[in-house]
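Okay, so the sequence shown: first residue is -14 according to the working numbering, each after it adds one.
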Amino acid sequence: MTAAIVTFTQAQVDEIVLAAVVQATGRLNGMPVHIHKCTEGHPWYCASPYCEEVTANPVLTCVNHGGKPTILKGQEPWRGGGR
Ligand SMILES: [Zn+2]
Ligand SMILES: [Zn+2]
């Protein structure tokens, strides 16, 4: 009998931890999250308050598959510095 050793990549670990955190709290980094469906077929969590479509898992390519990063609160590119 051989013991099954399951190894996870760091990306898989990140995904598992993220999913657990989101499911437990409904939030990510203190922000409410919604779920997008990547054009590659997997779901991913998004905490951007600027997405127009946040219901019904809108299709949006994730950053890992060439999508644009979503804009997180406090990281708005249009925000000037100095204040
Ligand atoms: Zn989003
Ligand atoms: Zn993707």
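A virtual CB, placed ideally from N, CA and C, is assigned to each residue, including glycine. Note that this is a predicted model, so its numbers are computed, not measured.
### Message
Considering only the alpha carbon of each residue, which of C47, D(-1), K58, G65 lies closest to T24?
### Response
C47
### Query
Between H50 and ligand 2, is the CB less than 6 angstroms from at least one heavy atom?
yes
### Query
Within the present structure, is the beta-carbon of T(-13) separated from the nearest heavy atom of ligand 1 by less than 6 angstroms?
no
#### Entry: Status (buried if at least 16 other CB within 10 Å, exposed otherwise) for W63
exposed
### Query
Checking contacts by CB at 7 angstroms: is I20 closer than that to chain B?
Here there is only one protein chain, and chain B is not present.
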